[in-house]
Amino acid sequence: MNKIDIRTVNVIQYVQPLREGGSLPAIVKADDGYLYVLKFRGAGQGKKALIAEFLGGEIARALNLKVPELVLMNLDDSFSKTEPDEEIQDLLKFSIGLNLGLHFLSGAITFDPLVSDVDALTASKIVLLDSIISNIDRTTKNTNLLQWHNELWVIDNGASFYFHHDWKNWEAHLTRTFPLIKDHVLLQSATRLEEASKEIQKLLKPEKIEEIVSSIPENFLLSESDTMSGNDMREAYIKYLNTRLSKIDVLVKEAENAR
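Residue 1 is where the sequence shown starts when you use the UniProt record's numbering, and the numbers rise one by one after that.
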């Protein structure tokens, strides 16, 4: 099975915490010389948030939306030893090993629907993306979108796929739609949902879904609290995404009704 070519880099400098989110991501420098926003495996939602971030980001990229490069980031134990802030110290300690980073878009500003325009097709694709991945966190309160070089960039998909926090009941989510789309920040601009759905169906074929899901690091899937194997989880993500795509017309109607 094909996999996405995702780079692995080492963290060489902890630059500063980003205190906007509850999970305390941080700007770090890697051994390739670039800055990244590091999402920690030791944060509140743990590795599940990293999986959601990875899947959501790579699916968005497959839909030709702008997404910062995602990289795997090795963090060693040296940073927690020199960090004076106890909260950050604990986070660093619990995150030793493989984490996830997004290329830092220097100078980017948070998307504000009151002052920024977005074209209707892009808005429609993002709305349907979030219906497909069940992303509860792209609202006016927290847009998780950036304006950079006059383009709209999709970031922070860690609140997606919330069914994976309870694997015992995940199959119950296969028959559900996504009523929370009513709170989506781009819903009013999403006037080309029908056209967007056709484009999504062309771009997100079952083999593309398999390629993305098979690229989740095994390390992210392993958890003492989960009884499912990594392979079973992969199969569940694939089935979930294919089921969502099979009823994209229903998701379109739901979003149109909400708008």
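For every residue, glycine included, the Cβ atom is placed at its ideal position computed from N, Cα and C. If you're wondering where the values come from, they're calculated on a predicted model, not measured in any experiment.
8 Å contact criterion, which residue i and residue j should meet: CB distance rounded
i      : j      : result
Lys48  : His165 : 6 Å
Leu102 : Ile155 : 6 Å
Met228 : Trp148 : About 38 Å separates the two Cβ atoms, so there is no contact after all.
Arg176 : Gly97  : With 8 Å as the limit, Arg176 and Gly97 do not qualify as a contact, their Cβ atoms being about 34 Å apart.
Leu128 : Ser197 : 6 Å
Glu194 : Val252 : 6 Å
Ala52  : Phe161 : 5 Å
Leu100 : Leu70  : 6 Å
Ala62  : Lys202 : No, Ala62 and Lys202 are not in contact; Cβ-Cβ is about 11 Å, not under 8 Å.
His184 : Arg138 : 6 Å
Residue burial classification, residue i (beta-carbon count within 10 angstroms, cutoff 16)
i           : result
Pro179      : exposed
residue 276 : The structure shown does not extend to residue 276, since the chain is modelled only from 1 to 259, so the question has no answer here.
residue 304 : The chain is shown only over 1 to 259; residue 304 falls outside these bounds and no answer can be derived.
Ser106      : exposed
Ile212      : buried
Asn135      : buried
Asp85       : exposed
Val39       : One detail in the question is off: residue 39 reads as Lys in this sequence, not Val. Classification of Lys39: buried, given that the 10 Å Cβ count is 16 or more.
Thr122      : buried
Ser80       : buried
Asn150      : exposed
Asn2        : exposed
Cross-strand partners of residue i (DSSP beta bridge)
i      : result
Trp148 : Glu151
Val37  : Ile27, Leu102
Ile14  : Here residue 14 turns out to be Tyr, not Ile, going by the sequence shown. In DSSP, Tyr14 forms a bridge with Val28.
His164 : Looking at the DSSP assignment, His164 forms no beta bridge with any residue, so it has no partner.
Leu72  : Thr8, Leu100
His173 : BP columns for His173 are empty, so no partner.
Lys66  : Trp153
Nearest neighbour of residue i, chosen from the options [CA to CA]
i      : options                       : result
Pro217 : Ser225, Val118, Arg234        : Arg234
Val9   : Met73, Glu58, Gln201, Glu53   : Met73
Tyr34  : Ser160, Arg7, Asn142, Val127  : Arg7
Asn257 : Phe163, Leu70, Thr191         : Thr191
Val118 : Leu65, Glu211, Arg244         : Leu65
Gln89  : Ser197, Leu24, Lys202, Asn231 : Leu24
Ala30  : Val15, Glu210, Asn242         : Val15
Ser223 : Ala26, Pro17, Gly46, Gln13    : Gly46
Asn219 : Pro206, Ser95, Ile59          : Ser95
Asp76  : Ile12, Asn169, Tyr36          : Ile12
Leu204 : Ser160, Ile132, Asn150        : Ile132
Leu186 : Thr140, Pro206, Lys202, Gly44 : Thr140
Ile248 : Glu86, Lys125, Leu221         : Lys125
Glu87  : Phe111, Asn99, Arg19, Ile109  : Arg19
Glu210 : Leu38, Leu152, Tyr240, Asp226 : Tyr240
Pro68  : Leu146, Ala43, Ala120         : Leu146
Ile4   : Pro113, Gly57, Leu38          : Gly57
Asn157 : Gly230, Asp226, Asn142        : Asn142
Cβ-heavy atom distance, residue i to the ligand ATP, below 7 Å
i      : result
Ile216 : Looking for the ligand ATP in the displayed structure turns up nothing, as the structure carries no ligands at all.
(Q) Ignoring anything shorter than 4 residues, give me the alpha helix (DSSP H) runs that lie fully in the segment 199 to 241, in order along the chain. (A) If we require 4 residues or more, the alpha helix (DSSP H) runs fully inside the segment 199 to 241 come out as 206 to 214, 218 to 221.
Q. Which ranges would you report for the beta strand (DSSP E) in the segment 75 to 140 if only whole runs of at least 3 residues count?
A. 97 to 103, all fully within the segment 75 to 140.
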